[in-house]
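Comments concern the structure below.
Residue numbers (the working numbering), protein chains in the order written: chain A, 1 to 199; chain B, 200 to 683.
Okay, here's the thing in structure tokens:
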């Protein structure tokens with residue numbers, strides 16, 4: 001039996017009980033510590049179906065025989081306190097491209113800038129070709145290059161009637177607004193684009 | 200699922216057998232030591248095979264090594280081995296059942312995806328040179344290597360809860376080793392209170408299945424701390440403890456980037472021991488430096504100067520570590536703990552003065568994550584509940600008055616781990632511009648770093664409370680504790 005010598009141990013017991021009680025009461029506000037019912041164990045699928053900020057290449061690799069990405073330069077070093085005005089591209093991690101395979105990327109050039117160019121390349125014309133992401137919605141969050149406090153968005157577009165699943169496909173990195181980027185399949189890009197982008 | 204059970208059971212059994220063979224004959228210590236020995240073997244076999252361009256054989260060799268260890272132990276040291284074997288086998292079965300049958304998984308997180316990607320590369324015998332950049336390096340080496348032992352194209356899902364199980368064993372071993380002569384009722388009461396406080400904090404439960412190296416690093420740090428405290432108290436270091444210690448230092452250094460710094464911090468009390476021979480000192484330090492060098496060389500890290508051969512890099516790193524064993528540095532070495540504490544404090548205070556404005560967000564994040572989020576009106580956003588508040592309050596009660604050697608040392612190590620984690624976070628942020636102290640939310644890396652050391656904080660408070668004689672009335676049981 002525990003016998004109490006002085007008030008300190010009683011105080012500690014009360015404090016501990018209070019903490020345990022508050023922790024339990026507030027448990028749900030912290031979100032579930034873990035989930036149940038997971039059935040996906042294949043790494044490529046587990047990662048590719050997630051809303052991971054880096055997984056655009058894995059998503060595309062899972063839908064075509066071989067994918068080539070161009071205009072995805074992302075080696076621009078992060079600069080302190082950068083803002084949307086400094087953004088020149090979006091992040092494609094070379095390591096992720098290399099690890100999962102099925103994709104090769106040309107990192108020579110930044111995305112083509114179509115922000116202030118009157119062409120067919122705009123969200124309205126692209127809408128019928130947009131790809132619904134495995135985790136829902138049409139726009140993935142990606143890191144801006146250089147990194148900014150708020151992430152950029154990335155959408156993917158291709159014409160399902162001209163490029164079929166398990167074909168080879170080339171995707172071009174394009175900037176559509178200050179913080180919105182797109183990966184557009186080459187044939188669709190050529191079909192919709194009538195003017196040269198800003199160099 | 201069957202292959203995962205077999206692999207995890209082999210890691211558990213082979214590891215425990217290895218620990219038993221080297222003389223670690225305490226069940227609660229043999230289980231974590233076994234995991235760490237198996238991890239060291241995995242790293243060394245993989246790195247060597249990688250060096251000779253035969254990575255594809257590394258997994259097979261690892262399994263053969265574990266099976267051979269199990270067989271040798273079965274013939275040579277059967278006495279008592281069945282206990283840790285049964286316990287670790289049961290834990291590996293439960294771990295696989297939890298992930299594969301119940302489908303339990305932690306909150307999804309970007310770092311977990313990175314780690315899974317690295318393990319996918321390792322499993323598929325991919326080119327390790329891909330990993331030479333900053334981001335893969337941050338994800339560590341030891342933990343992805345263990346995950347890569349899963350079925351084809353899958354991760355070894357059960358290893359994560361199994362690592363957590365070994366962490367619980369390590370904490371229980373150390374508490375028991377330090378207070379085994381204290382009245383049982385007192386130990387059980389304090390243990391139950393602190394366990395309840397810890398396991399009602401969401402992050403503790405989240406870390407059971409969270410895919411990241413934090414818990415593996417935590418196991419290593421608890422073992423190094425424990426062995427350091429026991430060696431300081433008893434003024435002796437057994438061969439068995441030395442092996443466990445070297446394995447723990449090796450794994451701590453290979454698991455996460457900040458593990459290098461934290462391992463260096465927790466070995467300070469050992470480095471300062473006067474009775475330690477230079478040979479043993481060299482072994483402990485080399486466990487750290489060689490682990491770092493092997494990791495960097497295998498990843499062809501950007502930290503290796505361009506054009507420098509990997510063996511030269513390794514030789515320089517190991518030789519630099521060995522410099523600490525030269526007699527000229529003995530004066531510093533014997534005072535390593537106070538010097539370490541003062542040095543870390545000076546760095547932290549200096550950084551606070553220089554970058555106070557930049558740290559404003561971090562200060563708020565620390566308060567909001569660990570105590571209370573005043574914006575949302577909810578408990579700490581870091582998911583720690585009121586655990587840290589509780590530990591601080593209890594510590595306040597036991598800090599005054601006489602302290603035992605082991606409690607004083609645990610306090611110093613805890614303080615250095617706090618400072619080390621804060622400084623590691625500053626350095627990590629500093630690579631991208633100004634140093635940083637984190638952001639609000641559980642997934643902030645500093646907030647997750649506390650997973651690595653909270654076990655030691657809990658042990659510190661437990662030991663302080665149990666050994667505080669003035670707080671307890673003796674209930675008949677003789678206290679033959681090591682109070683000094």
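We treat Cβ as the ideally placed atom computed from N, Cα and C, and that holds for glycine.
Owing to the predicted nature of the structure, the values given are computational and were not obtained by experimental measurement.
Original post:
Is residue 353 of chain B helix, strand or coil when you go by DSSP?
Top reply: Taking the first residue of the second chain as position 1, residue 353 of chain B is located at position 154. Reduced to three states, the DSSP call for residue 353 of chain B is strand.
Original post:
chain B partners of residue 96 of chain A, CB-CB under 8 Å?
Top reply: By 1-based counting over the first chain, the position of residue 96 of chain A is 96. Contact note: residue 96 of chain A reaches chain B through 316, using a C-beta cutoff of 8 Å and chain order.
**OP:** Kindly list, in the order they appear in chain B, the residues whose Cβ is closer than 8 Å to that of residue 42 of chain A.
**Re:** Position 42 of the first chain, counted from the first residue, corresponds to residue 42 of chain A. Here the neighbours are 352 and 353.
Original post:
Per DSSP, which one or two residues make a beta bridge with residue 538 of chain B?
Top reply: Sequence index remark: in the second chain, residue 538 of chain B carries index 339 (1-based). Looking at the DSSP assignment, residue 538 of chain B forms no beta bridge with any residue, so it has no partner.
**OP:** State yes or no: is the C-beta of residue 206 of chain B within less than 9 Å of the C-beta of residue 341 of chain B?
**Re:** By 1-based counting over the second chain, the position of residue 206 of chain B is 7. By 1-based counting over the second chain, the position of residue 341 of chain B is 142. Result no, Cβ atoms of residue 206 of chain B and residue 341 of chain B do not sit closer than 9 Å.
Original post:
I think residue 569 of chain B touches residue 419 of chain B, with their Cβ atoms under 8 Å apart; what is that distance to the nearest whole Å?
Top reply: Here residue 569 of chain B refers to the residue found at position 370 when the second chain is read from its first residue. Here residue 419 of chain B refers to the residue found at position 220 when the second chain is read from its first residue. Rounded, the Cβ-Cβ distance is 23 Å, inconsistent with contact.
Original post:
List, in order along the chain, the chain A residues whose C-beta lies closer than 9 Å to that of residue 407 of chain B?
Top reply: For the purposes of this step, residue 407 of chain B is identified with residue 208 of the second chain, where counting begins at 1. Result: 33 and 34.
Original post:
If we count Cβ pairs, one from each stretch, closer than 8 Å, do we get three or more for the segment 345-358 of chain B versus the segment 286-299 of chain B?
Top reply: A contact exists between the segment 345-358 of chain B and the segment 286-299 of chain B.
Subject >> residue 24 of chain A: contacting residues in chain B (beta-carbon distance under 7 Å) >> reply: For the purposes of this step, residue 24 of chain A is taken as the residue at position 24 of the first chain. Within 7 Å Cβ-Cβ: 399.
**OP:** Determine the direct distance from the alpha carbon of residue 169 of chain A to that of residue 185 of chain A, and round the result to whole angstroms.
**Re:** For the purposes of this step, residue 185 of chain A is taken as residue 185 along the first chain, with counting starting at 1. For the purposes of this step, residue 169 of chain A is taken as residue 169 along the first chain, with counting starting at 1. Going from the Cα of residue 185 of chain A to the Cα of residue 169 of chain A covers about 7 Å.
Original post:
Measuring CA to CA, which of A/101, A/26, A/54 and A/74 is closest to residue 62 of chain A?
Top reply: In the first chain, the residue the question calls residue 62 of chain A occupies position 62. Ranking A/101, A/26, A/54 and A/74 by Cα distance to residue 62 of chain A puts A/101 first.
**OP:** Identify which residue in B/647, B/644, B/241 and B/664 has its Cα closest to the Cα of residue 599 of chain B.
**Re:** The residue labelled residue 599 of chain B in the question sits at position 400 within the second chain. Here the closest residue by C-alpha is B/664.
**OP:** From the DSSP output, in three-state form, read off residue 104 of chain A for me.
**Re:** If you number the first chain from 1, residue 104 of chain A lands on position 104. DSSP places residue 104 of chain A in the strand class (E or B) of the three-state scheme.
Original post:
For residue 503 of chain B versus residue 491 of chain B, is the C-beta distance shorter than 9 Å?
Top reply: Taking the first residue of the second chain as 1, we reach residue 503 of chain B at position 304. Taking the first residue of the second chain as 1, we reach residue 491 of chain B at position 292. In this structure, residue 491 of chain B does not lie closer than 9 Å to residue 503 of chain B by Cβ.
Subject >> Cβ of residue 562 of chain B within 9 Å of any chain A Cβ >> reply: The residue you call residue 562 of chain B lines up with position 363 of the second chain. Not one chain A Cβ lies under 9 Å of residue 562 of chain B.
Original post:
Can the beta-carbon of residue 36 of chain A be found less than 9 Å from the beta-carbon of residue 304 of chain B?
Top reply: Mapped onto the first chain, residue 36 of chain A falls at position 36. Mapped onto the second chain, residue 304 of chain B falls at position 105. In this structure, residue 304 of chain B lies closer than 9 Å to residue 36 of chain A by Cβ.
Subject >> Cβ distance (whole Å) where residue 390 of chain B is taken to contact residue 591 of chain B below 8 Å >> reply: For the purposes of this step, residue 390 of chain B is taken as residue 191 along the second chain, with counting starting at 1. For the purposes of this step, residue 591 of chain B is taken as residue 392 along the second chain, with counting starting at 1. Contact doesn't hold; Cβ gap of about 19 Å is too wide.
**OP:** With 7 Å as the C-beta to C-beta threshold (strictly closer), list the residues of the segment 276-301 of chain B near chain A in chain order.
**Re:** 301
**OP:** Output yes or no for whether 9 Å exceeds the beta carbon distance between residue 509 of chain B and residue 496 of chain B.
**Re:** To locate residue 509 of chain B, count along the second chain from 1; it is residue 310. To locate residue 496 of chain B, count along the second chain from 1; it is residue 297. Yes; because the gap between Cβ atoms is below 9 Å, this pair is in contact.
**OP:** Report the neighbours of residue 47 of chain A on chain B: residues whose CB is nearer than 7 Å to its CB, in chain order.
**Re:** Position 47 of the first chain, counting from 1, holds the residue named residue 47 of chain A. Within chain B, the residues near residue 47 of chain A are 312, 315 and 316.
Subject >> CA nearest to the CA of residue 324 of chain B, picked from A/99, A/189 and A/94 >> reply: As a working mapping, residue 324 of chain B is identified with position 125 in the second chain. Answer by Cα proximity: A/99.
Original post:
Between the segment 227-245 of chain B and the segment 258-273 of chain B, do three or more beta carbon pairs fall short of 8 Å?
Top reply: yes
Original post:
Distance, Cα to Cα, residue 626 of chain B vs residue 643 of chain B?
Top reply: Start at 1 with the first residue of the second chain, and residue 626 of chain B comes out as number 427. Start at 1 with the first residue of the second chain, and residue 643 of chain B comes out as number 444. Each residue's Cα considered, the two are about 15 Å apart.
Original post:
Which residues in chain D sit within 8 Å of residue 334 of chain B, going by Cβ to Cβ distance?
Top reply: The chain inventory of the structure shown lacks chain D, comprising the protein chains A and B.
Original post:
From the beta carbon of residue 107 of chain A, is the nearest beta carbon of chain B less than 9 Å away?
Top reply: Reading the first chain from its first residue, position 107 is the one you call residue 107 of chain A. It does not: the Cβ of residue 107 of chain A has no partner Cβ on chain B nearer than 9 Å.
**OP:** Take residue 620 of chain B as the anchor and find which of B/552, B/334, B/440 and B/417 has the nearest alpha-carbon.
**Re:** Counting from 1 along the second chain, the entry for residue 620 of chain B is found at position 421. Ranking B/552, B/334, B/440 and B/417 by Cα distance to residue 620 of chain B puts B/417 first.
**OP:** Please classify residue 129 of chain A: is it buried, with 16 or more other beta-carbons within 10 angstroms of its beta-carbon, or exposed?
**Re:** One-based indexing of the first chain puts residue 129 of chain A at position 129. With 16 or more other Cβ atoms within 10 Å, it is buried.
Original post:
Could you give the C-beta distance for residue 606 of chain B and residue 666 of chain B, rounded to a whole number, given that I count them as a contact under 8 Å?
Top reply: In the second chain, the residue the question calls residue 606 of chain B occupies position 407. In the second chain, the residue the question calls residue 666 of chain B occupies position 467. Contact between residue 606 of chain B and residue 666 of chain B holds, with the beta-carbon distance rounding to 6 Å and staying under 8 Å.
Subject >> Cβ-based contacts, 7 Å cut-off: residues of the segment 436-467 of chain B near chain A >> reply: none
Original post:
Where residue 446 of chain B and residue 88 of chain A are concerned, what is the direct C-alpha to C-alpha distance, given to the nearest angstrom?
Top reply: In the second chain, counting from the first residue as 1, residue 446 of chain B sits at position 247. In the first chain, counting from the first residue as 1, residue 88 of chain A sits at position 88. Their backbone Cα atoms lie some 46 Å apart in a straight line.
Original post:
Just the Cα atoms here: how many angstroms apart are residue 20 of chain A and residue 577 of chain B?
Top reply: Numbered from its first residue, the first chain carries residue 20 of chain A at position 20. Numbered from its first residue, the second chain carries residue 577 of chain B at position 378. Spanning the two alpha carbons is a distance of roughly 16 Å.
Original post:
For residue 334 of chain B, is the beta carbon positioned less than 8 Å from some heavy atom of the ligand ADP?
Top reply: Among the components of this structure there are no ligands whatsoever, and the ligand ADP is therefore not found.
Subject >> Secondary structure of residue 42 of chain A, DSSP reduced to three states >> reply: Indexing the first chain from 1 puts residue 42 of chain A at position 42. The answer is strand: DSSP assigns residue 42 of chain A an E or B state.
Original post:
What does residue 413 of chain B touch in chain A if you count any residue whose Cβ is under 7 Å from its own?
Top reply: Residue 413 of chain B sits at position 214 when you count from the first residue of the second chain. Correct list: empty, because the minimum Cβ distance to chain A is about 14 Å.
**OP:** Can you say whether residue 283 of chain B is buried or exposed, counting buried as having 16 or more other CB atoms within 10 angstroms of its CB?
**Re:** Numbered from its first residue, the second chain carries residue 283 of chain B at position 84. Under the 10 Å beta carbon count, residue 283 of chain B is surrounded by 16 or more other beta carbons and is classified as buried.
Original post:
Closest to residue 307 of chain B by CA distance: which of A/187, A/59 and A/34 is it?
Top reply: For the purposes of this step, residue 307 of chain B is taken as residue 108 along the second chain, with counting starting at 1. Of the listed residues, the one whose Cα sits closest to residue 307 of chain B is A/34.
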